[in-house]
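Residue numbers (the UniProt record's numbering): 1 to 1104.
Everything below concerns the one structure shown next.
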């Protein structure tokens, strides 16, 4: 069913999969048929982290026994080498093919491949090593010590080799990003990312489009299945394509080792299947082409949903982030390393994964129309060697669709091609794939717990306590070497014999001690980590972060608390202003990012302070040259702005901009405050808030709640919370007063609510207006100098933030403060319904322009996360609604699920910088998810235990990554992992009926006698944040967030959902003037890529 002429070419095409096949095909279609609308659909935004196409390194070579592939690969390699966008990621270091030299099919393949390479390359490009010694020297040099055969059991597997010097390796992830960004620049290519394709929409043997996991549909004339190892769930392929997983591992190397091996080539041993890549970014990647692994899964038949089929289906690090490669794979890798890289043989793997390959019987691609269903074209079957064809594979697909593919390729890539033999071009080891579920291991996060145990033992020793009674301690969950096993052994008083008890019920002292100890972990106190009962989940739901969370951090600072006066703890060497070039770049970074959603400073006023400072000596000397009040105030503002800007930039590249540079600028600002004294005026409030912004962004020096509180109290003393009388002050002063107050208000609400601390000012006393939306350069003492309604208005973003903070504040007051007696009859059901609608309206009114840039589209997703966080807060158990209904818990689960998935994606895309708040929110989401599952039969009806486990493991994995950036929250992460381990130990040992019998006790917070209404929610369907009434992902037309939480599992069709709750959609014409960016909202800041390409990005030496 090919296209015999361009007139028949489809007008609307869906490409499933944003990998090598998908992106290459999208560009090829757009080039040849620019009027065709191409929609690329993927479950995640490319580069998709668990896709076969995304990796640190991939080889670019033309070494094949098959002359057709050898020729095509050489053509593709030349195009990659000529691509200026890919050149920074391409490293021509050659590829060495090794075998053991004994007669076998692998040695035969080695000889044929060598001969083919010699026929295609110049003689000087092929270098042979015909002894074990030469092979070893090629990697390590002549002076390296070759392991003796006696150490290796008497036989070598690395006896002969040849190196093709024309081969190269490439950064696959960055290259896929290059192609993705190319696609984004093509008007006819659209991306729909965030929801996986559930199935093809097939009617009367004709594909009409696709149906997504969230229940929405996308129509098209042609569906190109380029989903790689995920393809056989969408199209019945039988044995034509079988996903097989292969093991990959990374080992960290030192800078000295990287320098030693800098000339190493890609090395592959055909006899053992081991592949090694040269050091890249401080690590060496190794993989093994073993018989592999399969993950047998039962799925609906793609052509008849009433039937079931069993297929191998990928199990990846996205859905199962704690998986590690099987033990036999690790052993085989290390056995190979003992001979060829002995110094790495025993070194721990930094990380591992199973890479899922869409494998065909002959390793030939599958590029062909479906033989019986019209409107489907297959573009898959990479068989672990398709990546190098990235520049050309799409043209072959379009050739196939147009009926122009050469006959030899039509036959080679046909739908029905089979073979009884193995692939001779890209050999695998003998044997059949193993069942992964029988071999998979889990990484249990105990290393940090062991550190804490050692810390506690040290504390005991310091107090003269040496006799540790190990017999009375709980056995921690340990690292297993094989399959994960539960080490939980219930005692006579184990959770299995307890009901699900609320915090205010009578508990034995030991039981209450267990709960208090684990809660203390969330407050950063070093305590033993005991076993967990189900009681703890309820306790965690009602516990609130307190000041003790931030008072003690033994892991970071020993026994010393963080001093309010941080000057004494910072470097005391002289400091100078940066070069003007560096200063301009820092100012740009501050106003473009940190000042975007919190517009504290009027930019022209700030720049006048900076220009004044540059009229003085560059080296700051508060005793000799910078002695006036004006100069010292300028030092406070300028150096604190530099410090905040550096902290935001440091998140992008810590190696280039260490935190210590920001600390030095911050120290100078604090010295100036100490010398001049804090002004008790508007500038004084701004100075305090600048110091707060520094703490807000800092990875360890966190003291922002007190600082913001001081700023807000000073603002109230100055009357900034009340609008100035007309004519009392000039326009610029009035606007500065307003913006300063609302920044202080926004920071107070955000921080206080995140940590469960009291608000510093009630909303009822606030009368001041919002600041103007006009750009700073148009704001003067006389008024606004320009009224161009078409000009961008970046402050629309900050005004939208302020509106959200007011919504947050009302929720905090209604949910977590005791109501006065006169208000005891508040109808929380009606209020909650009204608040849900207001949150939806707020999201629908998000500023957007008629056309969104790539950066704006990404940052618009930040508001989506805030939307889910708002609903999460609304339906979370609280003081005034302590016992949410079943439907409320379903809604809470939906919001928590969306938060976890968005945080995971934003973290992998490097879009998070305020890690302390991200950790708080993610911890709350994961805990609420487990609590809802344990407490609610309705939640258990909507998500399975396996789905819960996947989400919780994702949550834990991201928490570990975040804590690397904010180590002061290690204890909170550890507490979460304890909860996870013991909760699932309980769940795995308890049947559903047993669980239900244990849930008879209502969930009531400590000290509360109030009972929440049975139905305090609009309804479960309305509360779900996943109901879609539009095909569109995040687009101008849709006002509804699109990140699927429970997806279609909530149980309503799209029609039913519309009948229950119809969100207000924002049209293009009503979207407002729009903002130039959507940056730094909450804990999600900005798109770093937008700044990477800036012409005036500073180098490190311009800052000093």
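Backbone N, C-alpha and C define an ideal beta-carbon position, used for all residues, glycine too.
Between the CA atoms of residue j and residue i - distance to the nearest angstrom
i, j, result
"residue 46", "residue 27", "15 angstroms"
"residue 206", "residue 386", "29 angstroms"
"residue 731", "residue 778", "11 angstroms"
"residue 390", "residue 24", "6 angstroms"
"residue 892", "residue 609", "48 angstroms"
"residue 1066", "residue 945", "With a pLDDT of only 27 at residue 1066, under 50, the local geometry of the prediction cannot be trusted, and the value read off the model is given with reservation. Between residue 1066 and residue 945, the C-alpha separation is close to 37 angstroms."
"residue 275", "residue 150", "24 angstroms"
"residue 621", "residue 643", "18 angstroms"
"residue 329", "residue 248", "9 angstroms"
"residue 439", "residue 333", "16 angstroms"
"residue 93", "residue 76", "17 angstroms"
"residue 954", "residue 323", "11 angstroms"
"residue 114", "residue 63", "8 angstroms"
"residue 783", "residue 677", "32 angstroms"
"residue 738", "residue 664", "31 angstroms"
Closest by C-alpha distance to residue i, when choosing among the options
i, options, result
"residue 163", "189, 185, 134 and 142", "134"
"residue 985", "973, 962, 934 and 50", "934"
"residue 337", "156, 224, 131 and 324", "156"
"residue 22", "158, 191, 805 and 717", "191"
"residue 303", "201, 910 and 939", "201"
"residue 272", "291, 14 and 255", "291"
"residue 16", "229, 83, 91 and 36", "229"
"residue 811", "871, 371 and 114", "871"
"residue 435", "369, 326, 414 and 397", "326"
"residue 144", "625, 60 and 261", "261"
"residue 757", "705, 781, 776 and 263", "705"
"residue 320", "963, 401 and 952", "952"
"residue 743", "595, 377, 221 and 432", "595"
"residue 11", "79, 430 and 209", "209"
"residue 372", "415, 715 and 232", "415"
Secondary structure of residue i, DSSP reduced to three states
i, result
"residue 260", "helix"
"residue 387", "helix"
"residue 941", "helix"
"residue 159", "coil"
"residue 64", "coil"
"residue 280", "strand"
"residue 955", "helix"
"residue 201", "strand"
"residue 164", "strand"
"residue 737", "helix"
"residue 752", "helix"
"residue 10", "coil"
"residue 793", "coil"
"residue 931", "helix"
Beta carbon of residue i nearer than 7 angstroms to that of residue j
i, j, result
"residue 819", "residue 826", "yes"
"residue 313", "residue 245", "no"
"residue 198", "residue 211", "yes"
"residue 359", "residue 383", "yes"
"residue 692", "residue 708", "yes"
"residue 342", "residue 123", "no"
"residue 266", "residue 95", "yes"
"residue 213", "residue 195", "yes"
"residue 867", "residue 843", "yes"
"residue 18", "residue 38", "no"
"residue 597", "residue 798", "yes"
"residue 255", "residue 264", "no"
message: Under 8 angstroms, with one C-beta from each stretch per pair, do the segment 362 to 369 and the segment 46 to 61 reach the 3-pair mark?
response: no
task: Report yes or no: do three or more beta-carbon pairs, one from the segment 114 to 121 and one from the segment 67 to 77, lie closer than 8 angstroms?
output: yes
field: Touching by the beta-carbon criterion (3+ pairs, under 8 angstroms), the segment 926 to 946 and the segment 882 to 896
entry: yes
field: the segment 717 to 724 / the segment 762 to 782 touching (three or more Cβ pairs under 8 angstroms)
entry: yes
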